[in-house]
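Here's the structure, in structure tokens; my notes come after.
Numbering (UniProt numbering), first residue to last: 1 to 224.
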């Protein structure tokens with residue numbers, strides 16, 4: 001978010017620099033417990049040379065410098081040291097564009113992030129008194145906020161799913177009870193195919209690593 005155009009705090013020959021803040025980025029840092037006193041970012045000329053690079057700089061305490069997802073600085077702000085501490089687009093190295101793209105990607109929450117934040121909020125809510133919760137409810141918005149999430153999924157083998165469901169013959173392979181209902185579209189028994197060793201943990205998408213479960217048993221496998 002653009003804040004203002006200002007005279008540089010180190011004048012020399014520069015006439016102006018652009019100062020801005022990134023509220024979403026600071027919120028993400030705070031949620032992840034990343035300490036940062038550097039909340040301002042500057043687009044500016046990196047030296048008094050008339051042909052100097054234009055780059056982005058920020059304070060040395062910013063997590064921008066040490067988060068693996070962000071490119072390392074490729075330019076020097078000569079008013080603030082002699083080691084790379086700025087991001088600039090140069091011939092063959094568009095570090096500034098890569099940094100801005102990385103920030104945009106970083107700000108997308110994963111489903112796991114959303115679940116962790118919700119569990120933390122649940123813990124906070126459970127620690128409140130009923131009076132405090134009801135007071136918060138009166139001030140709460142009735143429509144939930146929407147957030148854009150980044151999600152990856154696996155392209156599963158349909159043959160594995162069908163083979164496992166046919167093996168189950170309409171019964172949960174854990175509790176052995178019949179499926180809780182029939183699908184409207186084809187009247188087949190509703191069971192969910194669960195990977196015993198999850199795909200995200202390196203499990204195989206095979207019949208041997210899969211089991212047909214009723215919804216209750218499936219949720220128990222994930223949350224029990």
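Note that the Cβ used here is the ideal one computed from N, Cα and C, for glycine as well.
### Message
Quick check on DSSP: helix, strand or coil for residue 179?
### Response
Looking up residue 179 in the chain shown gives position 179. Coil at residue 179, not helix or strand.
### Straight-line gap, residue 24 to residue 91 (C-alpha atoms, nearest Å)
As a first step, residue 24 must be located in the chain shown, where it is residue number 24. As a first step, residue 91 must be located in the chain shown, where it is residue number 91. Near 30 Å, if we compare the C-alpha coordinates of residue 91 and residue 24.
### Query
In its own chain, which residues sit with a C-beta less than 8 Å from the C-beta of residue 93, not counting the 5 before and 5 after it?
For this step, residue 93 is matched to residue 93 along the chain shown. 74, listed in sequence order.
### Query
Where do the ends of the beta strand (DSSP E) carrying residue 210 lie?
As a first step, residue 210 must be located in the chain shown, where it is residue number 210. Residues 210 to 213.
### Task
Can you tell me which of the three DSSP states residue 225 falls into?
What is shown of the chain runs 1 to 224, which leaves residue 225 out entirely.
### Task
Could you tell me if residue 212 is buried or exposed, where buried requires 16 or more neighbouring beta carbons within 10 angstroms of its beta carbon?
Position 212 of the chain shown, counted from the start, is the residue given in the question as residue 212. Answer is buried; the Cβ neighbour count reaches 16.
### Query
With burial defined as no fewer than 16 other Cβ atoms inside 10 Å of the residue's Cβ, what is the status of residue 29: buried or exposed?
Translated into positions along the chain shown, residue 29 becomes position 29. It is buried - the Cβ of residue 29 has at least 16 other Cβ atoms within 10 Å.
### Task
List the whole-angstrom C-beta distance separating residue 196 from residue 210, where the pair is believed to meet the contact cut-off of C-beta under 8 Å.
Numbered from its first residue, the chain shown carries residue 196 at position 196. Numbered from its first residue, the chain shown carries residue 210 at position 210. Confirmed, about 7 Å.
### Query
According to DSSP, what are the bridge partners of residue 35?
One-based indexing of the chain shown puts residue 35 at position 35. None; residue 35 has no bridge partner.
### Task
Run through the stretch 107 to 146 for me and flag every whole alpha helix (DSSP H) of 4 or more residues, listed as ranges in chain order.
111 to 126 and 130 to 139
### Query
Do you know how far the Cα of residue 95 is from the Cα of residue 68?
Position 68 of the chain shown, counting from 1, holds the residue named residue 68. Position 95 of the chain shown, counting from 1, holds the residue named residue 95. In a straight line, the C-alpha of residue 68 is about 14 Å away from that of residue 95.
### Message
I'd like to know whether the C-beta atoms of residue 60 and residue 42 end up nearer to each other than 8 Å.
### Response
To locate residue 60, count along the chain shown from 1; it is residue 60. To locate residue 42, count along the chain shown from 1; it is residue 42. Contact flag unset, no.
### Message
Output needed for residue 106: all residues of its chain with C-beta closer than 6 Å, excluding positions within five of it in sequence on either side, in chain order.
### Response
Counted from its first residue, the chain shown places residue 106 at position 106. Counting only Cβ-Cβ distances below 6 Å, and skipping sequence neighbours, we find 69.
### Message
Alpha carbons only, please: which of 216, 100, 157 and 104 is nearest the one belonging to residue 171?
### Response
Taking the first residue of the chain shown as 1, we reach residue 171 at position 171. Measuring from the Cα of residue 171, the nearest candidate turns out to be 216.
### Message
With three or more C-beta pairs closer than 8 Å as the rule, is the stretch 80 to 87 touching the stretch 124 to 136?
### Response
no
### Query
Can residue 76 and residue 109 be called in contact, C-beta distance under 8 Å?
By one-based count along the chain shown, residue 76 stands at place 76. By one-based count along the chain shown, residue 109 stands at place 109. Against a cut-off of 8 Å, the Cβ pair of residue 109 and residue 76 comes out as no contact.
### Query
Can you check whether the CB of residue 175 is closer than 8 Å to the CB of residue 191?
Taking the chain shown and counting its residues from 1, one reaches residue 191 at position 191. Taking the chain shown and counting its residues from 1, one reaches residue 175 at position 175. Cβ atoms of residue 191 and residue 175: not closer than 8 Å.
#### Entry: Beta-carbon proximity list for residue 185, same chain, < 7 Å, skipping 5 on both sides
The sequence position of residue 185 within the chain shown is 185, counting from 1. Excluding positions up to five away in sequence, the list is empty.
### Query
Where does residue 30 sit, in a helix, a strand or coil, going by DSSP?
As a position in the chain shown, residue 30 is number 30, starting the count at 1. In this structure, residue 30 counts as helix in the three-state DSSP scheme.
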